[in-house]
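K.L.:
In our numbering, the protein residues as written are 7 to 209. Glycine residues also receive a C-beta, built at the ideal position from the N, C-alpha and C atoms.
1. As a quick exercise: from 156, 70, 59, 28, pick the residue whose alpha carbon is nearest that of residue 109.
2. Give the DSSP-derived three-state secondary structure of residue 45 in the structure shown.
3. Taking the alpha-carbon positions, what's the residue 43 to residue 139 distance?
4. By a C-beta neighbour count over all protein chains shown, 10 Å radius and 16 as the cutoff for buried, is residue 25 buried or exposed?
5. Can you tell me whether residue 10 is helix, strand or coil according to DSSP?
6. Residue 101 to residue 134, Cα distance in whole Å?
7. Put residue 110 into one of helix, strand or coil per three-state DSSP.
8. Is residue 172 buried or exposed, if buried means 16 or more other CB atoms sit within 10 Å of its CB?
9. In terms of alpha-carbon separation, which member of 126, 162, 164, 66 lies closest to residue 188?
10. Could you check the C-alpha separation between residue 193 and residue 128 for me, to the nearest Å?
11. Does DSSP put residue 62 in a helix, a strand or coil?
12. On the CB-based measure, 16 or more other CB atoms within 10 Å of its CB, does residue 196 come out buried or exposed?
13. Can residue 106 and residue 119 be called in contact, C-beta distance under 8 Å?
14. I need the DSSP call for residue 51, collapsed to helix, strand or coil.
15. Do you know how far the Cα of residue 78 is from the Cα of residue 17?
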């Protein structure tokens, strides 16, 4: 294997140990900060009397993370968030489900599908937006597709868990959240596009 190919496959192989350690610390800091953002947003939640799924700002944080981070890093950040919750840390939205793994897989884990979709949705958003000019419209479309993934996984999970009809699941798990999710998509896209314009202006 030539030195050039080896360097491409191992970008940190020739780095100074201190530089490599700093890079790992920066990555870890981003993951922890991102998972903390999702946790804070998850606790900004409004229970709805007609559905077991609360209205939460957590999906907004997922969209933001997907728009700002690389696909792998975005997925790792949301994966860390799920691990934190599975270990019993109070990072999930308050629901009747028990803490820890039961919040994801227990009999009352009505939000488990939404939560488990977060790494996939964030990685998809990051993948799509990085293949565009990162303007407002591409960012909004990328975030919208990620939001669809979250809603679809949440609805599918609820259907399996409750054995309800597709119409009932759509009414409980998708329809109530469409207006709010549309606002989250626009807000996240505007934030990301504004950040890109600011960086280009200061470059």
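P.N.:
If we stick to the structure as given:
1. 59
2. helix
3. 26 Å
4. exposed
5. At residue 10, the pLDDT of 45 sits below 50, so the modelled position is not reliable and the matter cannot be decided from this model.
6. 32 Å
7. helix
8. exposed
9. 66
10. 16 Å
11. strand
12. exposed
13. no
14. strand
15. Model confidence at residue 17 stands at a pLDDT of 48, short of 50, so the residue's coordinates are unreliable and nothing is read from them.
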